[in-house]
Ligand SMILES: [Zn+2]
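In UniProt numbering, the protein residues as written are 1 to 495.
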């Protein structure tokens, strides 16, 4: 049996990394740990001891995206890196080398076991809606005290700079719960706090482990909405019902996303496309799942709300979730542009249009975040795109060039999107809320510049590589060196 003793000075991040490494997963993988009752256990030094009796290796729920191909070598390097770091830490804390050796072999054993297990399971695409199991809360709120958010976290949560990669699902759930309390929604709509917890757990369970469209994406979109509510002082301008709809639509907006977009659904004539007649099949589905969850008394955070108000909340939420279909991007941004100069907060139509633009902004807001937070999302998105294009090729369906692994790179994927989709939309919102200039529009411009620089390097590298062997083109090599030095110079001057 494997025994790992964590020091209380060990950071939750280190512990998660160790679990990931032991399970043969990538560092940023979201993992959940369940106790025997199926409740999630927070991974941190205060977590309860695991005894021999309640060991359930299979309950270390591997909510992750399975990596293809590249794995082994990186994994090996990662394991030895982690071990080296652990060894150092353990030594510092005065444990014996013998124990380190024991730890090392135990981790190795665990890793091998997990690896052999991962070969056995095959992902199956469950049929939509027939699978009603997930809709019923499988787990109840944990019996141990809720995750305590530090004052620092609570403050950071209000800003677009929040590092969304640091948190495990349990912590993200606590953050979401905090937002409902903090905005006064729990009080104003008499939401039962336990129902709120259960509803959020159920939401978590109904996001799939896609590379991109997963629970962390749901969290990001909601957290950005929460940031905008604070930054733009929305609570002084729109009603609490509008705030409730904005936040709830963000939480629900990608529920049960299958990882393949509307184009695939329509071209492959999937069950969803047939059900919704090719009209925003995914968004209609996210919405339907959201209200199936609300239809369960245990998860209905709106149970104290009168039927008339509920109707309005339902309508508002549906409108916002349906607005996240990128096929409607031009239409929605254009109608907002028409009214932004004469915007009237007492005009219901104006406010609805604003809310639609706000959820759209949040949905595609990753590039607003600091580079180190934003960049991993591009890899996740490309992974999901490639998964789709590979499948389309197999099934003989049309493949969009921006999803084709032969045609797209990170800079090419991002530049056009930032320049022609993100910046114009955020600049329009800026007309109404000048306060987003510094916190949101400026980071977008910086990200655009960064990707343009990266593309220059990429192009120059390609030129060097394209030169036939034996007649090395020094001018291309020099060009590359010149560009890199120029960029370094700019970087230094910026600081
Ligand atoms: Zn989304």
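Think of the CB as a built atom: it goes at the ideal place given N, C-alpha and C, for glycine as much as any other residue.
DSSP state of residue 238, grouped into three classes? As a first step, residue 238 must be located in the chain shown, where it is residue number 238. The answer is coil: DSSP assigns residue 238 none of H, G, I, E or B.
From 423, 428 and 153, residue whose alpha carbon lies closest to that of residue 442: The residue given as residue 442 occupies position 442 in the chain shown. Checking every option, the nearest Cα to that of residue 442 belongs to 423.
Less than 8 Å separating the beta-carbons of residue 293 and residue 199? Here the question's residue 293 lines up with position 293 in the chain shown. Here the question's residue 199 lines up with position 199 in the chain shown. A contact, by the Cβ cut-off of 8 Å.
What I want to know is whether the C-beta of residue 363 ends up closer than 7 Å to one or more non-hydrogen atoms of ligand 1. As a working mapping, residue 363 is identified with position 363 in the chain shown. It does: the Cβ of residue 363 is within 7 Å (strictly closer) of some heavy atom of ligand 1.
Identify whether residue 281 lies in helix, strand or coil by the three-state DSSP scheme. Mapped onto the chain shown, residue 281 falls at position 281. Residue state, collapsed to three classes: helix.
Between which two residues does the alpha helix (DSSP H) carrying residue 377 extend? For the purposes of this step, residue 377 is identified with residue 377 of the chain shown, where counting begins at 1. Note, residue 377: alpha helix (DSSP H), 371–395.
Option nearest residue 418 by Cα separation, candidates 437, 390, 447 and 252: Mapped onto the chain shown, residue 418 falls at position 418. Answer by Cα proximity: 447.
Would you kindly work out how many angstroms separate the C-alpha atoms of residue 346 and residue 305, rounded to a whole number? Stepping through the chain shown from its first residue, residue 346 is reached at position 346. Stepping through the chain shown from its first residue, residue 305 is reached at position 305. The alpha-carbon atoms of residue 346 and residue 305 are separated by roughly 23 Å.
Could I get the ranges of all uninterrupted alpha helix (DSSP H) runs contained in the region 276–361, with 4 residues as the minimum, in chain order? 281–294, 307–322 and 329–340
Looking at residue 403 and residue 414, is the spacing between their C-beta atoms short of 8 Å? Looking up residue 414 in the chain shown gives position 414. Looking up residue 403 in the chain shown gives position 403. Not closer than 8 Å, so no.
Straight-line gap, residue 290 to residue 459 (C-alpha atoms, nearest Å): Walking along the chain shown from the start, residue 290 turns up at place 290. Walking along the chain shown from the start, residue 459 turns up at place 459. For residue 290 and residue 459, the distance between alpha carbons rounds to 45 Å.
Integer Cβ distance of residue 321 from residue 253, believed to fall under 8 Å: For the purposes of this step, residue 321 is identified with residue 321 of the chain shown, where counting begins at 1. For the purposes of this step, residue 253 is identified with residue 253 of the chain shown, where counting begins at 1. Going by Cβ atoms, the distance from residue 321 to residue 253 rounds to 5 Å, so yes, they are a contact pair.
With C-beta atoms as the reference, is residue 251 less than 8 Å away from residue 196? Position 251 of the chain shown holds residue 251. Position 196 of the chain shown holds residue 196. Contact flag unset, no.
According to DSSP, simplified to helix, strand and coil, what is residue 253? Taking the chain shown and counting its residues from 1, the one referred to as residue 253 is at position 253. Coil.
Inter-stretch contact at 8 Å, needing at least 3 Cβ pairs: the region 276–285 / the region 323–332: yes
Backbone CA spacing between residue 232 and residue 298 [nearest angstrom]: In the chain shown, residue 232 corresponds to position 232, counting from 1. In the chain shown, residue 298 corresponds to position 298, counting from 1. Going from the Cα of residue 232 to the Cα of residue 298 covers about 34 Å.
What did DSSP end up calling residue 365 once you bin it into helix, strand or coil? Taking the first residue of the chain shown as 1, we reach residue 365 at position 365. Coil.
Residue 325: CB within 7 Å of a non-hydrogen atom of ligand 1: Position 325 of the chain shown, counting from 1, holds the residue named residue 325. Answer for residue 325: no, Cβ out of range of ligand 1.
Which of the three DSSP states, helix, strand or coil, is assigned to residue 15? Counting from one through the chain shown, the residue named residue 15 turns up at place 15. Here residue 15 sits in helix by DSSP.
Kindly indicate which three-state DSSP category residue 433 falls into: helix, strand or coil? As a first step, residue 433 must be located in the chain shown, where it is residue number 433. Note: residue 433 maps to coil in three-state DSSP.
On a Cα-Cα basis, can you pick out the residue from 319, 334, 212 and 392 that is closest to residue 356? Counting from one through the chain shown, the residue named residue 356 turns up at place 356. Out of 319, 334, 212 and 392, 319 has the C-alpha closest to the C-alpha of residue 356.
Note down the Cα distance separating residue 310 from residue 302, rounded to an integer number of angstroms. The residue given as residue 310 occupies position 310 in the chain shown. The residue given as residue 302 occupies position 302 in the chain shown. Approximately 7 Å between the Cα atoms of the pair.
Below 7 Å CB to CB, which residues in the same chain sit around residue 435 once its five sequence neighbours on both sides are set aside? Counted from its first residue, the chain shown places residue 435 at position 435. 231 and 232, listed in sequence order.
I'd like the list of long-range same chain contacts for residue 364, defined as Cβ closer than 6 Å, with 5 residues on each side in sequence excluded. Mapped onto the chain shown, residue 364 falls at position 364. Cβ neighbours of residue 364 beyond the five flanking positions: none.
Output the distance between the C-alpha atoms of residue 32 and residue 215, rounded to the nearest integer angstrom. As a first step, residue 32 must be located in the chain shown, where it is residue number 32. As a first step, residue 215 must be located in the chain shown, where it is residue number 215. Approximately 12 Å between the Cα atoms of the pair.
Just the C-alpha distance for residue 426 and residue 22, rounded to the nearest angstrom, thanks. Position 426 of the chain shown, counted from the start, is the residue given in the question as residue 426. Position 22 of the chain shown, counted from the start, is the residue given in the question as residue 22. Residue 426 and residue 22: Cα-Cα distance of roughly 42 Å.
Just the Cα atoms here: how many angstroms apart are residue 344 and residue 433? Working through the chain shown from its first residue, we reach residue 344 at position 344. Working through the chain shown from its first residue, we reach residue 433 at position 433. So the two alpha carbons sit approximately 13 Å from each other.
Using 10 angstroms around the beta-carbon of residue 398, count the other beta-carbons present and answer buried if the total reaches 16, otherwise exposed. In the chain shown, the residue the question calls residue 398 occupies position 398. The residue in question, residue 398, is exposed, as its Cβ has fewer than 16 Cβ neighbours within 10 Å.
Does the beta-carbon of residue 174 have 16 or more other beta-carbons within 10 angstroms, so that it is buried, or is it exposed? Against the chain shown, residue 174 aligns to sequence position 174. So residue 174 ends up on the buried side.
Would residue 259 pass as a contact of residue 384 if the rule is Cβ separation under 8 Å? Taking the chain shown and counting its residues from 1, the one referred to as residue 259 is at position 259. Taking the chain shown and counting its residues from 1, the one referred to as residue 384 is at position 384. Yes; because the gap between Cβ atoms is below 8 Å, this pair is in contact.
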